[in-house]
Amino acid sequence: MKKLLLASAAGALLAGAASAEEIKLGVILGFTGPIESLTPSMADGAELAMKEVSDSGKLLGGATVTSVRADSTCIDAAAASAAAERLITAEGVKGIMGADCSGVTGAILNNVAVANGVVMVSPSATSPGLSHANNEDNGLFFRTAPSDARQGVVMTEVLMEEGIKEVAVTYTNNDYGKGLADSFQAAFEAAGGSVTINAAHEDGKADYSAEVGALAAAGGERLVVAGYVDQGGSGIVRAAIDSGAFDTFHFPDGMISDKLQENFGDEIEGSTGQHPGTDSPGAAKFGEIVGDAFDATSPFTPESYDAAALILLAMQAAGSSDPAAYKDKVMDVANAPGEQIFPGELAKALEIIAGGGDVDYVGATAVELIGAGESAGNYRQIVIDGGKIATAKYR
Amino acid sequence: MDFLNALVALSNFVIIPAIAYGSQLALGALGVTLIYGILRFSNFAHGDTMDFGAMIGVLVTWFLQSMGVSFGPLPTALLALPFAILGTMALVLITDRVVYRFYREQKAKPVILVIVSMGVMFIMNGLVRFIIGPNDQKFADGERFIISVREFKALTGLKEGLAIKTTQGITVVVAIIAVALLFWFLNRTRTGKSMRAYSDNEDLALLSGINPERVVMYTWLIVAALATTAGVLYGLDKSFKPFVYFQLLLPIFASAIVGGLGSPLGAIAGGFVIAFSEVTITYAWKKVLKYMLPESLEPSSLMQLLSTDYKFAVSFVILIVVLLFKPTGLFKGKSV
Chain A
10 MKKLLLASAA GALLAGAASA EEIKLGVILG FTGPIESLTP SMADGAELAM
60 KEVSDSGKLL GGATVTSVRA DSTCIDAAAA SAAAERLITA EGVKGIMGAD
110 CSGVTGAILN NVAVANGVVM VSPSATSPGL SHANNEDNGL FFRTAPSDAR
160 QGVVMTEVLM EEGIKEVAVT YTNNDYGKGL ADSFQAAFEA AGGSVTINAA
210 HEDGKADYSA EVGALAAAGG ERLVVAGYVD QGGSGIVRAA IDSGAFDTFH
260 FPDGMISDKL QENFGDEIEG STGQHPGTDS PGAAKFGEIV GDAFDATSPF
310 TPESYDAAAL ILLAMQAAGS SDPAAYKDKV MDVANAPGEQ IFPGELAKAL
360 EIIAGGGDVD YVGATAVELI GAGESAGNYR QIVIDGGKIA TAKYR
Chain B
32 MDFLNALVAL SNFVIIPAIA YGSQLALGAL GVTLIYGILR FSNFAHGDTM
82 DFGAMIGVLV TWFLQSMGVS FGPLPTALLA LPFAILGTMA LVLITDRVVY
132 RFYREQKAKP VILVIVSMGV MFIMNGLVRF IIGPNDQKFA DGERFIISVR
182 EFKALTGLKE GLAIKTTQGI TVVVAIIAVA LLFWFLNRTR TGKSMRAYSD
232 NEDLALLSGI NPERVVMYTW LIVAALATTA GVLYGLDKSF KPFVYFQLLL
282 PIFASAIVGG LGSPLGAIAG GFVIAFSEVT ITYAWKKVLK YMLPESLEPS
332 SLMQLLSTDY KFAVSFVILI VVLLFKPTGL FKGKSV
């Protein structure tokens, strides 16, 4: 009896090694709902990475990877959880590339992924609420998009380097503006700066002189405008310049566009700002390998490619497609040390890992995972120079 | 010196913007009050009449700019104003012929006319958005400032700066001219007198041979002129955006009611009352008080009564208080 068991166990092992494994990965995105126009190319991006790995035949000794799509709906937590449940229990996926919107991502993570011990890598959930500082996620959740709170930290670094210690903040009165303003205030005050006023403005008004009056009374070396350039943000800046309340400003991502220099030109000379952006060659390489297959520049599409690639490289590093084993390897393959890996070089990466080497996955979005496994994000710091938006540096 | 600084800071952020805003509200409220006094209903479409007038103003301004016509240091929009007024007159006369006349002949109750005017409001608003789109449009040109902060500081050597925008100056001047013309018309001309007679007592006016349709027509023409002037000035001073005029409806009605519906003088007073309360109540007084008070009493907080988010709530509150305690308004208009 004992011998029989041993033999069958050995047989099973042999069979496992001989016939290549078929690994299924879930792609849970909102194929219907508010971001349905973005998700097809996001899914294509993720599946491109899977195909690249399958075609190379180097993953875990020739395993193939197939994608199983499911609809997160972006807004309906119950539907998204049910879809994830189906992927894990019925399809037996080994990891999930998704979900997309922050709300459903949190729901899937808490209701399904943690309970079943499946790794999730979200390409686009940016809510600070998903940062798991205390390991509530059992180390299963990662994201290749930075948390919204991250920009507040970056903004603080930029202003501190400029030697600015006292600012007034105005934000557009919605989740984006309030979240950004609050995370900035927390970061700025922690770094020793002071925020004289943190006041909301409504979009779509014609007149912001009252708002600017309050900001001017509070004072500050610079006015941080966490708004939209096509909306109230420009109105605030215009009123602030006209009344002489502030000469220089600091602009987060919602304010930086050609419209800004068109509206104000050299009137805001010396103002600073930052928005997501990278000078990494990864983005261009990603565009090359995608070709005309789908839109490689569509929002969160490069992040999706990176998310799928990270899961697969981590599997290779762990030598197993078991989420419990490879979840600890995600950070290793994403960060230095090791050889830098760009899009289209996944085969090379698999080879290096199989040979016992170390890789630093850069990918299409210059991935660098920090904290509990979320992207540090890449920001382009700008300065208004001669009435034009000029790149100061990338950080 | 500190006293001067306080005064300048106050003027820059409170007095000058409030005067300009008050003039715009007063012009709008005059239109509302005239309609209420003579046609006897609250015209909710007034905001969008301003909108339509301002839109024609913007379009004509663009046309003039493309022809290379300019008005020197003054904005080209002033040249476009007469054309815009003509266009709006045509619109309101057509509206009256197609919509309001029917209900007038039915002797419809005022509340029905109010609902009808809301329908007209939606159509006008749709029309404007259809023609010019929902976005911000820039049409101001010419000199931007009568005096800019930098010039003022260099001139006086004060720490605080004062800016007077050309558009603010023009707003006040044009508003004064328009109001003077209106009062002259109402008090001195035959038509004006017949309008007032019609407003005071409709039956008596009919008996003395006043043609009601003529009075109605003149009322609409004057209202169109006032609304267009207010709309263009507001757009010039702030920025032109179709939805903004709809939001202006509340402060405009508040002005008219506070002053006393049906009383032109009240509309003007009401406009300034609303404008000054909106701006002063939401202003952070820290800076001014810092100059005025001895150092020991210097405020550490912003000294702001209400956050600027509640700007529109101020006109609501004033409206409610006036309706509760003095329903006829400051200048004894008709009770609502």
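Chains as they are written, first to last, in my numbering: chain A, 10 to 404; chain B, 32 to 367. No residue lacks a Cβ here, since even glycine has one placed at the ideal position from N, Cα and C. The model shown is predicted, which means the values in this text are computed figures rather than measured ones.
* Asked: With DSSP run on the structure shown, which of helix, strand or coil describes GLY104/A?
  -> Strand, per DSSP.
* Going by Cα to Cα distance, which pick from THR205/A, PHE150/A and ASP157/A is closest to LYS174/A? -> If we check each option's Cα against that of LYS174/A, THR205/A comes out closest.
* Asked: In or out: ALA24/A buried (at least 16 other Cβ within 10 Å) or exposed?
  -> Low per-residue confidence applies at ALA24/A: pLDDT is 45, beneath 50, and the placement is therefore not dependable enough to give any value.
* So, does the CB of GLN335/B fall closer than 8 Å to a CB anywhere in chain A? -> Flagged as an interface residue toward chain A: GLN335/B, by a C-beta distance shorter than 8 Å.
* Asked: The alpha helix (DSSP H) with GLN325/A in it runs from where to where?
  -> That run of the alpha helix (DSSP H) goes 310 to 327.
* Using a cut-off of 7 Å between C-beta atoms, extract the partners of PRO48/B located in chain A. => Counting only Cβ-Cβ distances below 7 Å, PRO48/B has contacts in chain A at SER218, in chain order.
* Please report how far the alpha carbon of LEU22/A lies from the alpha carbon of GLU30/A, in whole angstroms. => Because LEU22/A carries a pLDDT of 48, less than 50, the predicted location of this residue cannot be relied on, and the following value inherits that uncertainty. Taking the straight line from one Cα to the other gives about 12 Å.
* Asked: Which first and last residues belong to the beta strand (DSSP E) in which VAL234/A is found?
  -> In the DSSP annotation of this structure, the continuous segment of the beta strand (DSSP E) that includes VAL234/A starts and ends at 231 to 235.
* Run down chain B in chain order and give the residues with a C-beta less than 7 Å from the C-beta of SER203/A. => Ordered by position in chain B, no residue passes the 7 Å Cβ test against SER203/A, which lies about 12 Å from the chain.
* Asked: Taking the C-alpha atoms as reference points, what is the distance between ALA298/B and VAL39/B?
  -> The straight-line gap from Cα to Cα measures roughly 29 Å.
* **alpha helix (DSSP H) segment containing PRO43/A, residue limits** => That residue, PRO43/A, is in no alpha helix (DSSP H); it is neither H nor E in DSSP.
* Where ALA27/A and LEU149/A are concerned, what is the direct C-alpha to C-alpha distance, given to the nearest angstrom? -> For ALA27/A, the pLDDT reaches just 43, beneath the cut-off of 50, and the residue's location in the model is therefore unreliable, although a value from the coordinates is still provided. Looking at the two C-alpha atoms, the distance is approximately 30 Å.
* Check the Cβ-Cβ distances between VAL130/B and every residue of chain A, and say whether any is below 8 Å. => So no, VAL130/B is outside the interface.
* Asked: In terms of DSSP beta bridges, what is LEU41/B paired with?
  -> None, per the DSSP bridge assignment.
* Asked: So PHE274/B is in the alpha helix (DSSP H); what residue range does that whole segment cover?
  -> DSSP places PHE274/B inside the alpha helix (DSSP H), whose first and last residues are 273 to 290.
* Among PRO332/A, THR287/A and ASP216/A, which one has its Cα closest to the Cα of GLU312/A? -> Nearest of PRO332/A, THR287/A and ASP216/A to GLU312/A, Cα basis: THR287/A.
* **Alpha-carbon to alpha-carbon, VAL180/B and ALA76/B** => So the two alpha carbons sit approximately 38 Å from each other.
* Asked: Buried or exposed: MET155/B, going by 16 or more other Cβ atoms within 10 Å of its Cβ?
  -> By the beta-carbon neighbour count (other beta carbons within 10 angstroms, threshold 16), MET155/B is buried.
* Residue nearest to GLY291/A in terms of C-alpha spacing, selected from THR306/A, SER266/A, MET59/A and ALA333/A -> When each option's Cα is compared against that of GLY291/A, the closest is THR306/A.
* **Helix, strand or coil at LYS169/B [DSSP, three-state]** => Secondary structure of LYS169/B (DSSP, three-state): coil.
* Hey, MET164/A and PHE193/A: beta-carbon distance below 8 Å or not? -> A distance below 8 Å separates the beta carbons of MET164/A and PHE193/A.
* Cα-Cα separation, ASP80/A to ASN120/A -> Rounded to the nearest angstrom, the two C-alpha atoms are 16 Å apart.
* Asked: Could you give the distance in angstroms between the alpha-carbon of ALA108/A and the alpha-carbon of LYS184/B?
  -> Whole-angstrom Cα-Cα distance: 56 Å.
* Asked: If we ignore side chains and look at the alpha-carbon of each, how far apart do MET51/A and GLY71/A end up?
  -> Rounded to the nearest angstrom, the two C-alpha atoms are 26 Å apart.
* Minimum length 3: unbroken beta strand (DSSP E) runs contained in the stretch 343 to 393 of chain A -> The stretch 343 to 393 of chain A is shown to contain whole beta strand (DSSP E) runs of 3 or more residues at 348 to 350 and 368 to 370, in chain order.
* ARG159/A burial status per 10 Å Cβ neighbour count (16 or more: buried) -> Of the residues assessed, ARG159/A falls on the buried side of the cut-off, its CB having 16 or more other CB atoms within 10 angstroms.
* Could you check which residue in PHE347/B, LEU193/B and LEU105/B has the C-alpha nearest to that of ASP268/B? => When only C-alpha atoms are compared, the closest one is LEU105/B.
* From GLY20/A to LYS60/A, what does the alpha carbon distance come to, in whole angstroms? -> Only weak support exists for where GLY20/A lies, its pLDDT of 47 falling under 50; the value from the coordinates is given anyway. Answer to the nearest angstrom: the Cα atoms are 30 Å apart.
* Should GLN335/B be labelled buried (16 or more other beta-carbon atoms within 10 Å of its own) or exposed? -> GLN335/B counts as buried, since no fewer than 16 other beta carbons sit within 10 angstroms of its beta carbon.
* Does DSSP put ALA47/A in a helix, a strand or coil? -> First, the residue type needs correcting, since residue 47/A is Leu and not Ala in the sequence shown. In the structure shown, LEU47/A falls within a coil segment according to DSSP collapsed to helix, strand and coil.
* Asked: Using a beta-carbon distance below 8 Å, is VAL353/B in contact with chain A?
  -> No, because no Cβ of chain A sits closer than 8 Å to the Cβ of VAL353/B.
* To do: Keeping to the same chain, check which residues put their C-beta closer than 7 Å to that of VAL367/B; ignore five residues upstream and five downstream.
  => Because the pLDDT of VAL367/B is 48, which lies under 50, any placement of that residue in the model is unreliable, and the number read from its coordinates should be weighed accordingly. Excluding sequence neighbours, VAL367/B sits near ILE288, LEU292, LEU354 and PRO358.
* **ILE362/A versus GLY188/A - alpha carbon distance** => As the crow flies, the alpha-carbon of ILE362/A is around 40 Å from that of GLY188/A.
* To do: In the DSSP assignment, find the alpha helix (DSSP H) that holds PHE102/B and state where it starts and stops.
  => Segment: none, PHE102/B is in no alpha helix (DSSP H) and carries neither H nor E.
* With a Cβ-Cβ cutoff of 8 Å, do THR107/B and LEU95/B count as a contact? -> In terms of Cβ geometry, THR107/B and LEU95/B form a close pair [threshold 8 Å].
* Residues in the stretch 34 to 45 of chain B with C-beta within 9 Å of chain A's C-beta atoms, listed in sequence order? -> Against chain A - using a Cβ distance shorter than 9 Å - the residues of the stretch 34 to 45 of chain B are ALA40, ASN43, PHE44 and VAL45.
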